[in-house]
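Notes for the one structure printed next.
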Amino acid sequence: MKHHFKTVCVVGLGYIGLPTAATLATRGLDVIGLEVSPQVVDTVNNGEIHIVEPDLDVLVKGAVNAGKLRATTKPEPADAFIISVPTPIKDNKTPDTTYILSAVKTIAPVLEKGNLIILESTSPVGTIEKIISSISSLRNDLTIGKDRVTPGDLYFVHCPERVLPGKIIRELVENDRVLGGYTPECAKQAAELYSTFVRGEMFLTNDKTAEMTKLVENAYRDVNIAFANELSLICDDLDINVWSLIEFANRHPRVNILKPGPGVGGHCIAVDPWFIVSASPERAKLIATARRVNESKPHFVVQKVIKAADKFKNPVIACLGLTFKANIDDLRESPALAIVLDLADKNCGAVLAVEPFIQALPDSLSNKSVQMTSLDEALELADIIVLLVDHKQFCEIDREKLQQKIVIDTRGIWH
Ligand code: SAJ
Numbered sequence: 007m008k009h010h011f012k013t014v015c016v017v018g019l020g021y022i023g024l025p026t027a028a029t030l031a032t033r034g035l036d037v038i039g040l041e042v043s044p045q046v047v048d049t050v051n052n053g054e055i056h057i058v059e060p061d062l063d064v065l066v067k068g069a070v071n072a073g074k075l076r077a078t079t080k081p082e083p084a085d086a087f088i089i090s091v092p093t094p095i096k097d098n099k100t101p102d103t104t105y106i107l108s109a110v111k112t113i114a115p116v117l118e119k120g121n122l123i124i125l126e127s128t129s130p131v132g133t134i135e136k137i138i139s140s141i142s143s144l145r146n147d148l149t150i151g152k153d154r155v156t157p158g159d160l161y162f163v164h165c166p167e168r169v170l171p172g173k174i175i176r177e178l179v180e181n182d183r184v185l186g187g188y189t190p191e192c193a194k195q196a197a198e199l200y201s202t203f204v205r206g207e208m209f210l211t212n213d214k215t216a217e218m219t220k221l222v223e224n225a226y227r228d229v230n231i232a233f234a235n236e237l238s239l240i241c242d243d244l245d246i247n248v249w250s251l252i253e254f255a256n257r258h259p260r261v262n263i264l265k266p267g268p269g270v271g272g273h274c275i276a277v278d279p280w281f282i283v284s285a286s287p288e289r290a291k292l293i294a295t296a297r298r299v300n301e302s303k304p305h306f307v308v309q310k311v312i313k314a315a316d317k318f319k320n321p322v323i324a325c326l327g328l329t330f331k332a333n334i335d336d337l338r339e340s341p342a343l344a345i346v347l348d349l350a351d352k353n354c355g356a357v358l359a360v361e362p363f364i365q366a367l368p369d370s371l372s373n374k375s376v377q378m379t380s381l382d383e384a385l386e387l388a389d390i391i392v393l394l395v396d397h398k399q400f401c402e403i404d405r406e407k408l409q410q411k412i413v414i415d416t417r418g419i420w421h
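Count the sequence shown with the working numbering and you get residues 7 to 421, in order.
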C-alpha cells in the first residue's frame with residue numbers, strides 16, 4: 007500500500023511505544039520518540055533500552071545508529087502521532103485516562119492540518135471522542151469532522167496494541183490489527199501507516215468498536231484463566247491434582263482449559279475487564295466475578311504458605327519469582343509480588359526472594375524483611391519453596407534439590 011508518511015512521533019517509549027518506534031524506523035520512516043522521562047530519552051538516544059524484551063536492543067541500536075530514531079522530551083511536528091502511554095485503574099476500579107489526556111495536551115500545539123492521531127493505549131469506550139473534544143478546545147483553528155462523515159483537518163483512530171510481552175517484536179508485525187476510525191477515512195489513513203510494517207490482516211471499523219474489541223480480548227482471557235483458577239480451588243478442597251485433571255480434560259477435542267496460577271498479573275488482563283464492568287456494571291456479571299476469582303488467588307496462596315510454615319519453629323520460605331509471568335522483568339500487577347509482600351507483612355518466617363530477571367528488590371519490598379538471594383542459596387536454606395513464576399531457570403531445577411522441602415508449586419511446573 008502506498009503511503010505519504012515521512013515522520014512519525016511515538017508518544018510514550020514504554021513496552022509498546024519503543025518497539026513500535028524502532029520497527030517504524032527500520033521501515034525507513036523518521037521516528038521521534040516523545041517521552042516524559044529524561045532518563046529514558048538519554049538511554050534511547052544512546053542506542054540502549056530500559057526494558058527487557060528479546061531482540062529489542064538490536065532493533066533500537068540499529069535504528070538510532072542509522073539516524074532514523076531519536077528521543078526527546080519536547081513535542082515536534084510530525085505527519086502522524088502514535089500515543090502509547092499507560093491507562094491504569096483507579097482505586098475505585100474505574101479507568102484513569104490522565105496519561106492519555108496529558109499526552110494529547112502535549113502534542114496539541116504542534117498538530118498540523120492532515121495529521122493522523124492514533125491511540126494505541128487500551129482505553130475505555132469513548133476515549134477517542136474525549137481526545138477529539140480536548141483537541142477541539144485547544145485548537146479551534148483545526149476542524150475535526152464532527153458528524154463522523156465529513157472529513158476534518160485531523161484524522162483520529164484507535165488501533166489497540168495486542169502484542170504479548172516477550173514476543174513483542176514478532177507479534178507487532180504478524181498480528182492482525184483492528185483500526186477504529188472516527189470517520190471511515192481516518193481508518194484508511196491508519197491502514198496506510200500500519201501497512202509499512204504489519205503483515206497481519208487489518209480490519210477497519212469505528213473507534214468505539216475498536217476500543218471495545220481490545221477490552222473484550224483481555225476479558226475473554228481473564229474469564230478463561232478464572233475458570234482454571236476456580237478449578238484449582240475446588241480441586242484443593244477435593245484433594246484432586248488439578249494439573250492432571252486439566253491435562254485429561256484437554257484431551258477432549260473441544261476443551262482447552264488454561265493454566266491455574268498464583269493470580270493474574272500484568273497491565274492488561276488484570277485491569278481491562280474492569281473498564282467493561284465500570285461501563286456496564288449491571289450487565290457485566292460474569293466478567294466481574296471472573297476478576298474477583300483471579301484477585302482472590304494470591305490470598306489463597308498466602309494462606310497455604312502460612313499453614314505450611316506453622317509446622318516449623320523458624321521457617322525459611324523461599325519465593326521463586328516476582329514478575330507477573332515467565333521470562334520477563336515486568337512487575338506490574340504481579341500476583342507473585344503481592345504474595346511476597348503479604349508473607350513479609352504476616353511475619354510467618356524468614357522470606358527469601360529469587361528473581362533472575364531483576365537486579366534489586368523493588369521499592370515496595372526494599373523496606374520489608376525480605377532478602378533477595380540466588381536460586382542456589384534459596385534452595386539450600388529454605389524449608390518451604392513457593393514457586394510463583396515459571397521462569398526457565400526454575401523449570402530446570404534439579405528435582406533432587408526439592409526433596410525434604412515443602413513445595414508449593416502455584417504454576418504446576420514440577421507436578
Ligand atoms: N496466566 C495464567 N494462566 C494462563 C495464562 C496466563 O495464570 O493459562 C497469567 C499469567 O501468568 C499472567 C497473566 O495471566 O500473570 C497474563 O499473562 P498473559 O501472558 O496471558 O498476557 P499479558 O498480560 O502478558 O498480555 C495480554 C495479551 N492478551 C491476550 O492474550 C488476550 C496480549 O496479547 C495483549 O497485548 C496484552 O495483554 C495487552 O497489552 O493488553
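Ideal Cβ placement from N, Cα and C applies to all residues, glycine included.
query = What separation, rounded to the nearest whole angstrom, lies between the Cα atoms of Pro81 and Ala72?
reply = Within the sequence shown, numbered from 1, the residue matching residue 81 stands at position 75. Within the sequence shown, numbered from 1, the residue matching residue 72 stands at position 66. Cα-Cα distance, rounded: 22 Å.
inquiry  = Considering just the uninterrupted stretch of the beta strand (DSSP E) at Gly269, what are its terminal residues?
reply    = The residue labelled residue 269 in the question sits at position 263 within the sequence shown. Segment: none, Gly269 is in no beta strand (DSSP E) and carries neither H nor E.
message = For the ligand SAJ, I want to know if Glu180 counts as a neighbour, meaning its beta carbon is within less than 6 Å of at least one of the ligand's heavy atoms.
response = As a first step, residue 180 is located in the sequence shown; it is residue number 174 there, counting from the start. No, since every heavy atom of the ligand SAJ falls outside the 6 Å radius drawn around the Cβ of Glu180.
request  = Answer with buried or exposed for Ala290, where buried requires no fewer than 16 other C-beta atoms within 10 angstroms of its C-beta.
outcome  = Counting from 1 along the sequence shown, the entry for residue 290 is found at position 284. Around the beta carbon of Ala290, a 10 Å sphere encloses 16 or more other beta carbons of the protein chains shown; the residue is thus reported as buried.
inquiry  = Is the beta carbon of Val17 closer than 7 Å to that of Ala109?
reply    = Position 103 of the sequence shown, counted from the start, is the residue given in the question as residue 109. Position 11 of the sequence shown, counted from the start, is the residue given in the question as residue 17. Contact: yes.
query = For the beta strand (DSSP E) that Leu326 lies in, which residues bound it at each end?
reply = Within the sequence shown, numbered from 1, the residue matching residue 326 stands at position 320. Membership of Leu326 in the beta strand (DSSP E) is indicated by the continuous run Val322 to Leu326.
ask   = Is Pro101 helix, strand or coil by DSSP?
value = As a first step, residue 101 must be located in the sequence shown, where it is residue number 95. Collapsing the DSSP output to three states places Pro101 in a strand.
key: Chain-order list of residues whose beta-carbon lies under 7 Å from that of Val376 (same chain, five-residue window excluded)   = For the purposes of this step, residue 376 is identified with residue 370 of the sequence shown, where counting begins at 1. Val346, Ala350, Val357, Ala359 and Leu367, listed in sequence order.
key: 8 Å contact criterion, which Val131 and Glu217 should meet: CB distance rounded   = Position 125 of the sequence shown, counted from the first residue, corresponds to residue 131. Position 211 of the sequence shown, counted from the first residue, corresponds to residue 217. The Cβ separation is near 5 Å, so the contact holds.
query = Does the beta-carbon of Arg168 have 16 or more other beta-carbons within 10 angstroms, so that it is buried, or is it exposed?
reply = If you number the sequence shown from 1, residue 168 lands on position 162. It is buried - the Cβ of Arg168 has at least 16 other Cβ atoms within 10 Å.
key: Environment of Asp61 [buried if 16+ CB atoms lie within 10 Å]   = In the sequence shown, counting from the first residue as 1, residue 61 sits at position 55. So Asp61 counts as exposed.
message = Among Ala315, Leu381, Val283 and Ser380, whose alpha-carbon lies nearest the alpha-carbon of Lys5?
response = There is simply no residue 5 to check, as the chain begins at 7 and stops at 421 in what is shown.
Closest residue to Ser90 among Leu117, Glu339, Ile141 and Glu41 (Cα-Cα distance) = Within the sequence shown, numbered from 1, the residue matching residue 90 stands at position 84. In terms of CA proximity to Ser90, Glu41 leads the group Leu117, Glu339, Ile141 and Glu41.
ask   = Are the beta-carbon atoms of Asp335 and Phe363 separated by less than 7 Å?
value = Within the sequence shown, the letter at position 329 stands for residue 335. Within the sequence shown, the letter at position 357 stands for residue 363. A contact, by the Cβ cut-off of 7 Å.
query = Within 6 Å: the Cβ of Asn224 and any heavy atom of the ligand SAJ?
reply = Counting from 1 along the sequence shown, the entry for residue 224 is found at position 218. Result yes, Cβ under 6 Å from the ligand SAJ.
ask   = What residues in its chain sit with their C-beta under 6 Å from that of Lys220, if we drop five residues either side in the sequence?
value = Taking the first residue of the sequence shown as 1, we reach residue 220 at position 214. Hits under 6 Å: Thr128 and Pro166.
key: Member of Leu237, Cys354, Trp280 and Ser250 whose CA lies at the smallest distance from the CA of Lys319   = Within the sequence shown, residue 319 is the residue found at index 313, counting from 1. The residue from Leu237, Cys354, Trp280 and Ser250 with its alpha-carbon nearest to that of Lys319 is Cys354.
query = Can the beta-carbon of Val184 be found less than 7 Å from the beta-carbon of Phe209?
reply = The residue given as residue 184 occupies position 178 in the sequence shown. The residue given as residue 209 occupies position 203 in the sequence shown. In this structure, Val184 places its C-beta atom within 7 Å of the C-beta atom of Phe209.
query = For the ligand SAJ, any of its heavy atoms closer than 6 Å to the Cβ of Arg227?
reply = On the sequence shown, residue 227 is found 221 positions in, with the first residue counted as 1. Correct: Arg227 has its Cβ closer than 6 Å to the ligand SAJ.
query = Looking at Val270 and the ligand SAJ, is the gap between the Cβ and the nearest heavy atom below 6 Å?
reply = To locate residue 270, count along the sequence shown from 1; it is residue 264. Yes; taking the cut-off as 6 Å, the Cβ of Val270 has a heavy atom of the ligand SAJ nearer than that.
inquiry  = Please list the terminal residues of the continuous alpha helix (DSSP H) segment that includes His424.
reply    = Residue 424 lies beyond the stretch modelled for the chain, which goes from 7 to 421, so this question has no answer here.
request  = Quick one: grab the DSSP three-state call for Tyr200.
outcome  = Along the sequence shown, read from residue 1 onward, the residue named residue 200 stands at position 194. Three-state DSSP puts Tyr200 in a helix.
task = In the DSSP assignment, find the beta strand (DSSP E) that holds Gln399 and state where it starts and stops.
result = Here residue 399 refers to the residue found at position 393 of the sequence shown. Per DSSP, Gln399 is not a residue of any beta strand (DSSP E); the alpha helix (DSSP H) it occupies stretches across Lys398 to Cys401.
query = Using the beta-carbon count (16 or more within 10 Å), is Gln195 buried or exposed?
reply = Taking the sequence shown and counting its residues from 1, the one referred to as residue 195 is at position 189. Buried, since its Cβ has 16 or more Cβ neighbours within 10 Å.
query = So what's Tyr226 in DSSP terms, helix, strand or just coil?
reply = The sequence position of residue 226 within the sequence shown is 220, counting from 1. It is helical.
query = Can you check whether the CB of His164 is closer than 7 Å to the CB of Ile134?
reply = The residue you call residue 134 lines up with position 128 of the sequence shown. The residue you call residue 164 lines up with position 158 of the sequence shown. A contact, by the Cβ cut-off of 7 Å.
query = Beta carbon of Leu387: closer than 6 Å to some heavy atom of the ligand SAJ?
reply = Taking the first residue of the sequence shown as 1, we reach residue 387 at position 381. With a threshold of 6 Å, the Cβ atom of Leu387 does not count as near the ligand SAJ, since no heavy atom of the ligand is closer than that.
task = Indicate the three-state DSSP secondary structure (helix, strand or coil) for Asp159 in the structure shown.
result = Stepping through the sequence shown from its first residue, residue 159 is reached at position 153. In the structure shown, Asp159 sits in coil (DSSP, three-state: anything other than H, G, I, E or B).
ask   = Excluding five sequence neighbours on each side, which residues of the same chain lie with their C-beta closer than 7 Å to the C-beta of Ile231?
value = By 1-based counting over the sequence shown, the position of residue 231 is 225. Here the set comprises Leu264, Val270 and Asn300.
task = Would you tell me roughly how many angstroms separate the C-alpha atoms of Leu343 and Cys325, rounded to the nearest one?
result = Your numbering for residue 343 matches position 337 in the sequence shown. Your numbering for residue 325 matches position 319 in the sequence shown. Roughly 9 Å between the two C-alpha positions.
inquiry  = Does Asp213 pass the burial test, meaning 16 or more other C-beta atoms within 10 Å, or should it be called exposed?
reply    = Along the sequence shown, one-based indexing puts residue 213 at 207. Classification for Asp213: buried.
inquiry  = So, does the stretch 138-155 touch the stretch 169-180, judging by three or more C-beta pairs under 8 Å?
reply    = These segments do not touch.
request  = Measure the C-alpha to C-alpha separation of Glu126 and Pro279 and round it to an integer number of angstroms.
outcome  = For the purposes of this step, residue 126 is identified with residue 120 of the sequence shown, where counting begins at 1. For the purposes of this step, residue 279 is identified with residue 273 of the sequence shown, where counting begins at 1. Glu126 and Pro279: Cα-Cα distance of roughly 17 Å.
query = What runs of the alpha helix (DSSP H), each 4 residues or longer, lie entirely inside the stretch 74-118?
reply = If we require 4 residues or more, the alpha helix (DSSP H) runs fully inside the stretch 74-118 come out as 104-113.
ask   = When DSSP labels each residue in this structure, what does Ile175 get in the three-state scheme?
value = Here residue 175 corresponds to residue number 169 of the sequence shown, with the count starting at 1. Ile175 falls in the helix class under three-state DSSP.
key: N-terminal and C-terminal residue of the beta strand (DSSP E) that Gly39 is part of   = Here residue 39 corresponds to residue number 33 of the sequence shown, with the count starting at 1. For Gly39, the enclosing beta strand (DSSP E) begins and ends at Asp36 to Leu40.
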